[in-house]
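Structure, as structure tokens:
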Amino acid sequence: MPELPEVETTRRGLLPHSLHQSIIDIVIRNPRLRWPVPGNLAELTRNQTITGLSRRGKYLLMHLDSGTIIIHLGMSGSLRILDSGTPAGVHDHIDIVLNSGLCIRLRDPRRFGAVLWSEGDPYKHPLLASLGVEPLSDDFNGDILYRKSRGRSSAIKSLIMDSHMIVGVGNIYANEALFQAGIHPELAAGKISRPRYARLALAIRDTLNKAIIAGGSSLRDFVGSDGNAGYFQQQYFVYSRSGMPCRNCDQPIKQLRQNQRTTFYCPLCQKK
DNA sequence: ACATCTACCTGGAGGC
DNA sequence: TGCCTCCAGGTAGATG
Numbered sequence: 088m089p090e091l092p093e094v095e096t097t098r099r100g101l102l103p104h105s106l107h108q109s110i111i112d113i114v115i116r117n118p119r120l121r122w123p124v125p126g127n128l129a130e131l132t133r134n135q136t137i138t139g140l141s142r143r144g145k146y147l148l149m150h151l152d153s154g155t156i157i158i159h160l161g162m163s164g165s166l167r168i169l170d171s172g173t174p175a176g177v178h179d180h181i182d183i184v185l186n187s188g189l190c191i192r193l194r195d196p197r198r199f200g201a202v203l204w205s206e207g208d209p210y211k212h213p214l215l216a217s218l219g220v221e222p223l224s225d226d227f228n229g230d231i232l233y234r235k236s237r238g239r240s241s242a243i244k245s246l247i248m249d250s251h252m253i254v255g256v257g258n259i260y261a262n263e264a265l266f267q268a269g270i271h272p273e274l275a276a277g278k279i280s281r282p283r284y285a286r287l288a289l290a291i292r293d294t295l296n297k298a299i300i301a302g303g304s305s306l307r308d309f310v311g312s313d314g315n316a317g318y319f320q321q322q323y324f325v326y327s328r329s330g331m332p333c334r335n336c337d338q339p340i341k342q343l344r345q346n347q348r349t350t351f352y353c354p355l356c357q358k359k
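So this is what it looks like as structure tokens:
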């Protein structure tokens, strides 16, 4: 379940093995991801040097001289570094083969991920152009959320999961951040005060940062791993803890349904 | 402009 | 053992 911390952990794990390497081939075993993988991707990228690896929201950007490979892990995608001769499994759809003898292999059982090509400024790509604020950037704060939410009647949880408002917050961290901020997930976004948004912004940043730190601790096994390295085991406060005692007040955690997603919350700690 | 729902896909869990 | 149903996850795109 790649959310921002998993994507960032992946980026950091790939970085030392891919930066300044050149691409000698891209093997496409199955182009049918969320959008078709460009059939000429190997020709577009062959013999080019990887000049950078960055992240925008949950998108990974592999920068080359003539353009950018845009990668999204969807809901089940992972990237690993392997010897390029390693036999591929059923869901190993793409290999980016490097001159070092290693390859970056995309595994994505559910194929909701994406591998795309962008010439020119990748941030102007339609998928990236209208994305919201980066929660870990310096200019992220409660005021931004406060301003963007005025006049909005939808639930605060929907709002913070909307990538056009703020990027990188999926179901897990939306639940966790709202718990940490003491905000009920069903509260109308437009009715939340400025101070509460300040607290929520801190909670979002803190939750994501802690997850990145936890993920970083398993990075040493990134090469040749089974794809689980880089994914952290976090002790959740509310996520998937329905019926279990709140870690703060012992009250049973409740669950409900919002936009076809399960929401977990503490009825005592999270006020409307 | 905003709110809500659907579609995409597979593997795992639980019920029978 | 097998079949069936449900659920998880991210988000663009359609519809209201």
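To convert, take the position in the first sequence, counting from 1, and add 87; that gives the working numbering.
No residue lacks a Cβ here, since even glycine has one placed at the ideal position from N, Cα and C.
**Prompt:** Could you give the residue range of the alpha helix (DSSP H) that holds residue 267?
**Reply:** Locating residue 267 in the first sequence gives position 180, where the first residue counts as 1. Annotation: the continuous alpha helix (DSSP H) that includes residue 267 extends over 258-268.
**Asked** Using CA coordinates, which residue listed in 323, 352, 230 is at the minimum distance from residue 269?
**Response** The count along the first sequence starts at 1 and reaches residue 269 at position 182. Nearest to residue 269 by C-alpha distance, out of 323, 352, 230, is 352.
**Euclidean distance between Cα positions of residue 349 and residue 343** = Numbered from 1 along the first sequence, position 262 holds the residue referred to as residue 349. Numbered from 1 along the first sequence, position 256 holds the residue referred to as residue 343. Near 6 Å, if we compare the C-alpha coordinates of residue 343 and residue 349.
**Message:** Just verifying my parser: in three-state terms, what is the DSSP assignment at residue 311?
**Reply:** Mapped onto the first sequence, residue 311 falls at position 224. Interpretation of residue 311 is limited by its pLDDT of 47, a score under 50 that renders its predicted location unreliable; the figure taken from the coordinates is listed afterwards. Looking at residue 311 - three-state DSSP - the assignment turns out to be coil, as it is neither helix nor strand.
**Prompt:** For residue 145, does the three-state DSSP call read helix, strand or coil?
**Reply:** As a first step, residue 145 is located in the first sequence; it is residue number 58 there, counting from the start. Coil at residue 145, not helix or strand.
**Message:** With the cut-off set at 9 Å, would you say residue 166 and residue 194 are in Cβ contact?
**Reply:** By one-based count along the first sequence, residue 166 stands at place 79. By one-based count along the first sequence, residue 194 stands at place 107. Between residue 166 and residue 194, the C-beta spacing is below 9 Å.
**Request:** Kindly indicate the opening and closing residues of the alpha helix (DSSP H) around residue 233.
**Result:** In the first sequence, the residue the question calls residue 233 occupies position 146. Counting along the chain, the alpha helix (DSSP H) containing residue 233 begins and ends at 229-236.
**Message:** Let me check understanding here. Comparing Cα to Cα, which of 164, 265, 109, 184 lies closest to residue 285?
**Reply:** Residue numbering aside, residue 285 sits at position 198 when the first sequence is read from its first letter. With distances taken between Cα atoms, residue 285 lies closest to 265.
**Request:** Would you identify the three-state DSSP class for residue 317, choosing helix, strand or coil?
**Result:** In the first sequence, the residue the question calls residue 317 occupies position 230. Because residue 317 carries a pLDDT of 41, less than 50, the predicted location of this residue cannot be relied on, and the following value inherits that uncertainty. Three-state DSSP puts residue 317 in coil, outside helix and strand.
**Asked** What is the rounded straight-line gap between the Cα of residue 211 and the Cα of residue 155?
**Response** By 1-based counting over the first sequence, the position of residue 211 is 124. By 1-based counting over the first sequence, the position of residue 155 is 68. Rounded to whole angstroms, the separation of the alpha carbons of residue 155 and residue 211 is 12 Å.
**Request:** Quick one: using the 10 Å Cβ neighbour count with 16 as the cut-off for buried, is residue 133 buried or exposed?
**Result:** For this step, residue 133 is matched to residue 46 along the first sequence. Looking at its Cβ environment, which holds fewer than 16 other Cβ atoms inside 10 Å, residue 133 is exposed.
**Prompt:** In three-state terms, what does DSSP make of residue 277?
**Reply:** Your numbering for residue 277 matches position 190 in the first sequence. Here residue 277 carries a helix assignment [DSSP, helix/strand/coil].
**Prompt:** Quick one: Cα of residue 111 to Cα of residue 282, how far?
**Reply:** Walking along the first sequence from the start, residue 111 turns up at place 24. Walking along the first sequence from the start, residue 282 turns up at place 195. Residue 111 and residue 282: Cα-Cα distance of roughly 53 Å.
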